[in-house]
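Protein chains in written order, with my numbering: chain C, 1 to 269; chain U, 1 to 543.
Rendered as structure tokens:
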């Protein structure tokens with residue numbers, strides 16, 4: 001395992017897309033210390049910001065408050081990246097495989113346009129989780145993101161496939177222009193599912209609905225049993241038993257399509 | 001002074017067809033002979049020597065392309081990057097390259113002259129500033145006039161002569177080179193939420209002005225003003241199934257006046273709707289072959305991502321409805337409109353497959369290469385830096401067949417391409433990428449290697465892979481300076497801007513001033529582009 005310890009918080013955010021298991025697995029520690037880190041427009045060496053310990057491995061651990069370190073695990077395809085502390089913007093963007101764990105909070109754009117792999121955030125996350133970058137047609141196309149805390153705006157914007165779980169509250173525009181995939185929420189603020197074309201948003205508490213979502217029925221979808229079992233392995237519990245309650249199904253967004261589904265859990269009694 | 005020796009020279013304008021001969025250069029021009037100790041010699045053995053490429057129809061500067069750049073950050077992320085260096089400015093390539101990158105990429109193809117094909121007078125100042133930042137190529141631009149409401153009002157009143165003065169005044173105000181007509185009457189109609197689909201029907205808001213009248217009047221005025229470039233015409237009903245009838249009728253309406261038919265591929269379809277769309281290239285080419293007053297460019301498409309930009313506002317709204325992608329629309333006051341929609345041409349899509357074939361068919365079926373030129377209506381059909389792919393398709397019938405085999409079955413019954421065996425020769429390529437468009441633009445100093453011509457010379461390896469060959473010139477000379485050497489940009493030079501000064505009655509300003517005060521957001525005195533805005537302007541007096 002390789003351990004990098006952040007010496008001190010940089011004055012301005014640094015860009016560290018070299019910090020991914022794909023890159024470090026092949027390098028000796030001296031080469032590692034020489035990896036490029038962008039500090040503003042200047043290209044500096046990794047050792048100016050991090051202490052390096054351990055030996056070449058597909059496991060990379062970063063210690064310290066890396067909330068000003070951007071692009072960690074960008075485009076990674078394998079291995080494991082663990083951040084003991086916080087992570088900055090664009091964590092795991094374009095990721096294809098492997099796993100990322102953050103013990104603290106993460107910032108915006110985590111897992112943006114990812115196409116595989118797992119991201120777990122122990123604390124809160126920012127906005128645009130698994131989203132499409134500005135202008136792009138599609139956001140994440142596969143993979144899983146689990147946030148234990150709350151999340152910011154536009155979670156899963158334009159996502160096409162994959163699963164995003166936010167155990168706490170998500171802010172406005174969750175599932176904006178969503179094209180497919182699943183978002184599971186502890187709750188959400190305004191305009192959830194705006195302009196969604198397809199896909200599923202599940203909320204475990206009541207949420208304010210857009211007028212362009214129409215109530216269909218209350219039921220217990222069979223597919224949720226399968227989802228729940230899969231999610232249990234990630235520490236996410238999704239109720240599905242009829243004895244516990246049922247889901248209200250709303251379809252929308254009628255402003256663009258009626259094929260998206262919004263499921264809101266209603267506990268029994 | 002410079003001598004290029006040992007290369008096979010292709011200079012069709014001077015009937016030189018692959019002869020090994022020397023090309024001599026002094027003071028930025030081609031000369032008979034150079035001598036002395038300070039003559040640099042380029043050994044061009046194994047290379048072919050072409051006059052620098054000339055793009056007769058492209059969109060590289062101004063309001064519309066800049067709108068498209070701003071609308072498509074996703075393309076810039078994936079695009080080739082130009083990193084700042086002592087020689088180069090930073091920039092991006094991709095579907096809508098940034099200004100400096102546009103110059104680098106054209107030079108990277110061996111092109112040395114480009115004609116920006118659609119400039120509203122209102123954004124001419126912006127266009128010239130971007131052209132000034134487009135290095136390595138000479139530039140000219142065409143000014144949009146077919147939906148200018150002040151001009152249409154004069155046509156309505158039958159004041160043809162005053163209309164001609166107004167046209168000439170606007171052309172000089174914009175520091176333009178030619179006159180462009182886009183969907184005549186249709187963009188004006190778009191402001192009423194309509195289009196102009198029938199040439200003989202009055203344009204909304206007018207009783208006498210029809211698209212046919214606009215076309216014939218503008219073509220006649222351009223001829224009377226003796227402009228070097230004929231009316232540059234984007235016909236009505238672009239892209240619509242069955243538009244072949246409109247296109248042929250347009251050619252008839254021109255009645256012998258000169259015109260350059262832009263991106264003809266988009267105007268050569270049969271059928272009644274998208275399901276029955278088919279190629280009408282044979283009918284179009286047969287008719288076109290009989291019209292010596294006309295030139296055309298292909299407007300070919302290639303599969304992949306593009307951004308469509310045009311002054312044709314109503315068409316872009318339709319394209320937006322068809323694709324569901326993002327849509328940008330600009331209203332350019334009394335002059336024209338503009339629409340931007342990103343588009344992906346797919347090889348599996350029947351309509352796109354037909355479009356791909358039509359572009360190539362026109363290039364192969366129009367029998368005089370001096371009258372049909374290679375373009376993709378950049379960035380609409382494909383980016384200009386993909387021209388070498390089209391050259392390869394034109395020069396190699398076997399490769400073409402391989403590509404045809406990949407088209408959907410449904411498309412094969414609707415195209416003529418599988419039955420065409422013609423292969424372009426190097427000399428014919430030199431005509432459609434350089435000599436022909438230079439002649440159509442009325443630029444006697446461009447597109448050839450005769451004595452007195454500008455020393456814009458491209459040297460390519462004589463490589464059987466024509467795509468690689470034309471995508472990587474070994475050397476490029478611009479005005480006698482070696483700007484590309486061994487495939488790398490070595491020297492930065494600014495291009496010139498060609499503009500015309502047609503004669504007009506000064507009193508037209510007294511007519512225009514009150515109209516401006518009433519209808520425009522810009523004051524009359526601020527409207528014309530000042531000469532100081534142009535760098536290295538080359539003025540041609542006309543009329």
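By construction, the Cβ of each residue, glycine as well, lies at the ideal position given by its N, Cα and C atoms.
Close CB contacts of residue 169 of chain C within its chain, under the 8 Å cut and outside five residues either way in sequence, are with 150, 151, 185, 186, 187, 188, 189 (chain order). Proximity of chain C to residue 74 of chain U at the Cβ level (cut-off 9 Å) is accounted for by 132, 133, 134, 135, 136, 137, in chain order. Assignment of beta-bridge partners to residue 8 of chain U by DSSP yields U/20, U/48.
Here the C-alpha atom of residue 531 of chain U lies approximately 16 Å from the C-alpha atom of residue 133 of chain U. Out of C/266, C/132, C/257, the CA that lies nearest to the CA of residue 249 of chain C is found in C/266. Scanning chain C for C-beta atoms nearer than 8 Å to the C-beta of residue 89 of chain U yields nothing, as the closest lies near 15 Å away.
It is roughly 19 Å from the alpha-carbon of residue 266 of chain U to the alpha-carbon of residue 393 of chain U. Taking 8 Å as the CB threshold, residue 29 of chain U stays off the interface with chain C. With respect to the 8 Å criterion, residue 459 of chain U and residue 49 of chain U are classified as neighbours on the basis of their beta carbons. Under DSSP, residue 265 of chain C forms a beta bridge with C/247. If you compare the alpha carbons of U/221, U/420, U/380 with that of residue 395 of chain U, the shortest gap goes to U/420.
Contact check for residue 66 of chain C against residue 54 of chain C fails: the beta carbons are separated by 8 Å or more. Each of U/361, U/492, U/59 was checked against the Cα of residue 85 of chain U, and the nearest Cα belongs to U/492.
The beta strand (DSSP E) runs lying completely inside the region 132-203 of chain C and spanning 3 residues or more are 142-147, 163-170, 182-188, 200-203, given in chain order. Three or more beta-carbon pairs drawn from the region 107-120 of chain U and the region 41-58 of chain U are found closer than 8 Å, and the two stretches are therefore classed as touching. Spatial neighbours of residue 289 of chain U in its own chain (CB-CB distance under 6 Å, excluding positions within 5 residues in sequence) are listed in chain order as 367. Those residues of the region 43-72 of chain U placed with their C-beta closer than 9 Å to a C-beta in chain C are 71, 72, ordered along the chain. Within the region 238-291 of chain U, the complete alpha helix (DSSP H) segments of 4 residues or longer fall at 244-253, 281-289, listed in chain order. For residue 43 of chain C, the enclosing beta strand (DSSP E) covers residues 42-45.
Excluding the 5 residues flanking it on each side, residue 147 of chain U has same chain C-beta neighbours closer than 6 Å at 187, 188, 336, in chain order.
Listed along the chain, the chain C residues whose CB falls inside 8 Å of the CB of residue 496 of chain U amount to none; the nearest CB is some 34 Å away.
Inter-segment contact for the region 128-141 of chain C and the region 60-74 of chain U is present: three or more beta-carbon pairs are separated by less than 8 Å.
Per DSSP, the unbroken beta strand (DSSP E) holding residue 540 of chain U starts and ends at 537-542.
For residue 133 of chain U, the three-state secondary structure derived from DSSP is coil. Spatial neighbours of residue 451 of chain U in its own chain (CB-CB distance under 7 Å, excluding positions within 5 residues in sequence) are listed in chain order as 30, 31, 32.
Residue pairing for residue 384 of chain U: DSSP places it in no beta bridge.
Distance between residue 178 of chain C and residue 185 of chain U, taken at the CA atoms: about 40 Å.
Taking C-beta atoms as the reference points, residue 92 of chain U and residue 111 of chain U fail to come closer than 8 Å. Around residue 77 of chain U, the beta-carbon contacts reaching into chain C at under 9 Å are 133, 135, 136. Within the region 210-234 of chain U, the complete alpha helix (DSSP H) runs of at least 4 residues fall at 211-224.
Separation of the CB atoms of residue 236 of chain C and residue 165 of chain C is rounded to 5 Å, and the pair is thereby assigned contact status at 8 Å. For residue 405 of chain U, the enclosing alpha helix (DSSP H) stretches over residues 397-405.
Comparing C-alpha distances from residue 346 of chain U to each of U/378, U/326, U/301, U/327 shows the shortest one belongs to U/301. Judged by pairs of C-beta atoms under 8 Å, the region 207-222 of chain U touches the region 177-184 of chain U, as three or more such pairs exist. In this structure, U/291 is the residue among U/291, U/223, U/326 with its C-alpha nearest to the C-alpha of residue 249 of chain U.
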